[in-house]
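Asker:
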């Protein structure tokens, strides 16, 4: 188990037992279904991120700063081990305003990989209160 | 006593005479011309919601993810709607649909233990099968093979209920 006081060095491999957070669009488009399941598209690599997936270590995260806009984003959590078991590497990559930041190397946009991540992830409540799970429509 | 006129909609010559439900979202006039009866075509309320979501994908412009996401093409939207209508015609509810940054549309169908994901890309349409969160199989998706996908989804329900063939 990861120690609650465990600190990482730059580019150090994250422990398998760490929970990581990923933001997912809540609405238009929604990546969270009415029942709380998560779309595989929430883990898709984007061109602007140069093939790296951006996440946060849960226990080091300042939720208000990470979410930015609770109407726009929901939060999902996923165990680091899922990435490592599927050939990716989660490395510590702190930013000046985000000491919890992690980058996933050697991931891909392979659909089986993306779906495996989505099936292993869970929607979580925002600590300041619960997210509504229903999709908001106009 | 008030007598209401009896109207036989089923035998009407034109679909324009059929009642069309009114919904609280706007048609995407600039991206797609809605046809009378588009909503009325779908049996399942849940599928009508998915239909509205897919139409909304047409409103997404390039960079909709605050990055470099591609616009979802009309071909992909039309094909996703065709897939939705075919499942609906078989009485099957689609669980969810979402757009991807590479211009694709993900369509999910679920039961308690099984998941079928159909991915409509600009260059191909494929499917994935998962059971109890584990990958089972994948392949190219064809509308004519929709019955085999429904059989696969339903066969697990039969097994879970102790029904054997």
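Residue numbers (the numbering used here), protein chains in the order written: chain A, 1 to 138; chain B, 139 to 303.
Note that the Cβ used here is the ideal one computed from N, Cα and C, for glycine as well.
Which partner residues of residue 272 of chain B appear in the DSSP bridge assignment?
Answerer: Beta-bridge pairing links residue 272 of chain B to B:269.
Asker: Comparing C-alpha positions only, which one of B:210, B:226, B:233, B:190 sits nearest to residue 250 of chain B?
Answerer: Among B:210, B:226, B:233, B:190, the Cα nearest to that of residue 250 of chain B belongs to B:233.
Asker: For residue 17 of chain A, which option in A:77, A:68, A:9 has the closest C-alpha, if you only look at C-alpha atoms?
Answerer: Nearest option by C-alpha distance: A:77.
Asker: Tell me, please, which residues DSSP counts as bridged to residue 292 of chain B.
Answerer: Paired residues: none, contrary to the question.
Asker: With a threshold of 8 Å between beta-carbons, can residue 276 of chain B be considered close to chain A, or not?
Answerer: So yes, residue 276 of chain B belongs to the interface.
Asker: Just curious, the beta strand (DSSP E) that residue 239 of chain B is in, first and last residue?
Answerer: Unbroken run through residue 239 of chain B: none, as it is neither H nor E.
Asker: With residue 45 of chain A as the anchor, note down where its alpha helix (DSSP H) starts and where it stops.
Answerer: Per DSSP, residue 45 of chain A belongs to no alpha helix (DSSP H) and is neither H nor E.
Asker: Counting only C-beta atoms, is residue 102 of chain A closer than 8 Å to chain B at any point?
Answerer: Judged by the 8 Å Cβ criterion, residue 102 of chain A is not in contact with chain B.
Asker: Considering only C-alpha positions, which residue in the set B:254, B:284, B:228 is nearest to residue 246 of chain B?
Answerer: The candidate whose alpha carbon is nearest that of residue 246 of chain B is B:254.
Asker: In chain B, what lies closer than 8 Å to residue 111 of chain A by C-beta?
Answerer: By Cβ distance, chain B contributes 255, 257, 264, 266, 276.
Asker: Under the rule that 16 or more other beta-carbon atoms within 10 Å means buried, what is residue 228 of chain B, buried or exposed?
Answerer: Flag for residue 228 of chain B reads exposed.
Asker: Looking at the C-beta of residue 116 of chain A, does it have a partner C-beta in chain B at a distance below 8 Å?
Answerer: Yes, its Cβ sits closer than 8 Å to a Cβ of chain B.
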